[in-house]
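Participant: Protein chains in written order, with our numbering: chain A, 384 to 620; chain U, 83 to 206.
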Amino acid sequence: MSHEPSTPSYVDRVRDDTQRYIRYLLTENEQLRVASAQLETEVSGLRQELSQRTNVERELAETLERIREEGQKTLARYAEVEMHNANLANLYVTSYQLHGTLQRDAILAALQEVVVNLIGSEEFAICEISGDRLIVAASVGVDPSAITWATPHVRDAVETRTLYVGTAERDGHEPLVCLPLQVDDQRVGVIVIMRLLAHKADLEPLDHELFDLLATHASMALYCSSLQQRLQEVALA
Amino acid sequence: MSTRKKILLVDDSNTILMIERMLLTRGPYDLVTANDGDEAVEKARTERPDLILMDVVMPRMNGFEACRRIREEETIGSTPIIMVTTRGEIENVETGFDSGCNDYVTKPINGPELIAKLQNYLGQ
Numbered sequence: 384m385s386h387e388p389s390t391p392s393y394v395d396r397v398r399d400d401t402q403r404y405i406r407y408l409l410t411e412n413e414q415l416r417v418a419s420a421q422l423e424t425e426v427s428g429l430r431q432e433l434s435q436r437t438n439v440e441r442e443l444a445e446t447l448e449r450i451r452e453e454g455q456k457t458l459a460r461y462a463e464v465e466m467h468n469a470n471l472a473n474l475y476v477t478s479y480q481l482h483g484t485l486q487r488d489a490i491l492a493a494l495q496e497v498v499v500n501l502i503g504s505e506e507f508a509i510c511e512i513s514g515d516r517l518i519v520a521a522s523v524g525v526d527p528s529a530i531t532w533a534t535p536h537v538r539d540a541v542e543t544r545t546l547y548v549g550t551a552e553r554d555g556h557e558p559l560v561c562l563p564l565q566v567d568d569q570r571v572g573v574i575v576i577m578r579l580l581a582h583k584a585d586l587e588p589l590d591h592e593l594f595d596l597l598a599t600h601a602s603m604a605l606y607c608s609s610l611q612q613r614l615q616e617v618a619l620a
Numbered sequence: 083m084s085t086r087k088k089i090l091l092v093d094d095s096n097t098i099l100m101i102e103r104m105l106l107t108r109g110p111y112d113l114v115t116a117n118d119g120d121e122a123v124e125k126a127r128t129e130r131p132d133l134i135l136m137d138v139v140m141p142r143m144n145g146f147e148a149c150r151r152i153r154e155e156e157t158i159g160s161t162p163i164i165m166v167t168t169r170g171e172i173e174n175v176e177t178g179f180d181s182g183c184n185d186y187v188t189k190p191i192n193g194p195e196l197i198a199k200l201q202n203y204l205g206q
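1. Can you tell me which residues form a DSSP beta bridge with Y111 (chain U)?
2. Taking Cβ-Cβ distances shorter than 8 Å, what residues in chain A pair up with L204 (chain U)?
3. Would you tell me roughly how many angstroms separate the C-alpha atoms of C561 (chain A) and R516 (chain A), rounded to the nearest one?
4. For M165 (chain U) and D93 (chain U), I'd like the C-alpha separation in whole angstroms.
5. Residues in the same chain with beta-carbon distance under 8 Å from N184 (chain U), minus the five sequence neighbours each way, listed in chain order, please.
6. Going residue by residue through the region 451 to 531 of chain A, where are the continuous beta strand (DSSP E) segments of at least 3 residues, counting only ones entirely within it?
7. Quick check on M577 (chain A): does DSSP put it in helix, strand or coil?
8. Pick helix, strand or coil for M136 (chain U), following the three-state DSSP scheme.
9. Please state whether DSSP places D118 (chain U) in a helix, a strand or coil.
10. Can you find a C-beta in chain A that's less than 9 Å from the C-beta of K199 (chain U)?
11. Spatial neighbours of K88 (chain U) within its chain, please: CB distance less than 6 Å, with the 5 preceding and 5 following residues excluded, ordered by chain position.
12. N96 (chain U) by DSSP, collapsed to three states: which one?
13. Residues of chain A with CB closer than 7 Å to the CB of T188 (chain U), please, in chain order.
14. If we ignore side chains and look at the alpha-carbon of each, how far apart do M100 (chain U) and V476 (chain A) end up?
15. Under the three-state reduction of DSSP, which class applies to L204 (chain U): helix, strand or coil?
16. How should Y407 (chain A) be labelled, buried or exposed, when 16 other C-beta atoms within 10 angstroms of its C-beta is the threshold for buried?
17. Less than 9 Å between CB atoms is the rule here; does N96 (chain U) satisfy it with respect to chain A?
18. Bridge partners for R570 (chain A) per DSSP, in chain order?
19. Can you find a C-beta in chain A that's less than 9 Å from the C-beta of I89 (chain U)?
20. Report yes or no: do the region 572 to 587 of chain A and the region 482 to 489 of chain A share at least 3 C-beta pairs separated by less than 8 Å?
21. So what does V548 (chain A) bridge to, in DSSP terms?
22. Can you name, in chain order, every residue of its own chain whose Cβ lies under 8 Å from the Cβ of G182 (chain U), other than the five neighbours on each side?
23. Nearest to G503 (chain A) by CA position, among A:A418, A:R553 and A:L593, is which residue?
24. Near G549 (chain A), what residues of its chain come up, given a Cβ to Cβ distance below 8 Å and the 5 sequence neighbours on each side ignored?
25. How many angstroms separate the CA atom of S602 (chain A) from the CA atom of M140 (chain U)?
26. Does the beta carbon of G454 (chain A) sit closer than 9 Å to a beta carbon anywhere in chain U?
27. Take G454 (chain A) and list the residues in its own chain whose beta-carbon comes closer than 6 Å to its own, dropping the five residues that flank it on each side.
28. From the DSSP output, which residues share a beta bridge with I164 (chain U)?
29. Could you tell me if I574 (chain A) is buried or exposed, where buried requires 16 or more neighbouring beta carbons within 10 angstroms of its beta carbon?
Structural data, given as structure tokens:
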């Protein structure tokens, strides 16, 4: 009896193929498991990086917002400084104009310019006091004969040496401002402002600074000019 | 790089001219002045300013008339003119625009407002 190699049966072939396929699947599975683990590691790293970048972005946004706020504050401060500069310019020019001359007419003209252009009124009178008399030295937009000691608040402001400022609800014939002018104890005069320009709603803080300045410097300028005039009269006599 | 601009200041009030000088002297501006409308037209011709600040109420020739005269001349007719006025009422503003001005500011002058308008018209 001879031994011939036996042909694998169908079942054996299927078994072998199946085993080979299973080994292939196990190998693939192992590879996929390794790849999956690597991907998970990568994803974890990317999530961490994203979280860090998100934090950085948030910090940058907060920094940017802070810079914007500081920028706004700086702009507001700059505008405030510019306004102060403009106000100081007004005060300087007022003082300069008043003390730049001893000529009475020039001083009165300068005072009128200050009231018209810096305070903003075209209805006012500049009065001087001589003894018991109130004399309108210059006026704009008002009848000089209408400003007397009987004008409301004028005598009171002069005698109390106190600035009078009226309200918007005052009567039309009442002044808005009575600014007494004096040098030491000597009453020099009074500036009576009846009304502001139509487009100027109310007095502003700078106007009160100007009133303070005028109360001293306008008084001194008018007083010095009157002394100058008397000196000239004496010299001519 | 900003270049200096020439501004013609027109006002019969030395107080206002001094105020305007003090407000503008720190900026990139060369300033020239005139005291009335006649002088303003002449200086506009000779100085060729980049902008004119024009008072309204002046002797000899007021600001409205000076503005009209400047607008009639080809070489200077397109110069921006800002009226500086105590008359803020609407009818006066309309008269100003009818005479050819570009803008206006009211007195008392608001320094920052004036500078902002200058920068707008001078492209700064």
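A virtual CB, placed ideally from N, CA and C, is assigned to each residue, including glycine.
Please read all numbers here as calculations on a predicted model, not as lab measurements.
Facilitator: With the structure as the only source:
1. U:K87
2. The contacting residues do not exist; L204 (chain U) stays about 17 Å from chain A at best.
3. 17 Å
4. 10 Å
5. P162, I163, I164 and Y203
6. 506 to 513 and 516 to 523
7. strand
8. strand
9. coil
10. no
11. D112, P131 and D132
12. helix
13. H582
14. 7 Å
15. coil
16. exposed
17. yes
18. A:Q565
19. no
20. no
21. A:V560
22. C149, R150, I152, R153 and I163
23. A:L593
24. H536, E557, P558, L559 and V560
25. 28 Å
26. no
27. none
28. U:L135 and U:D185
29. buried
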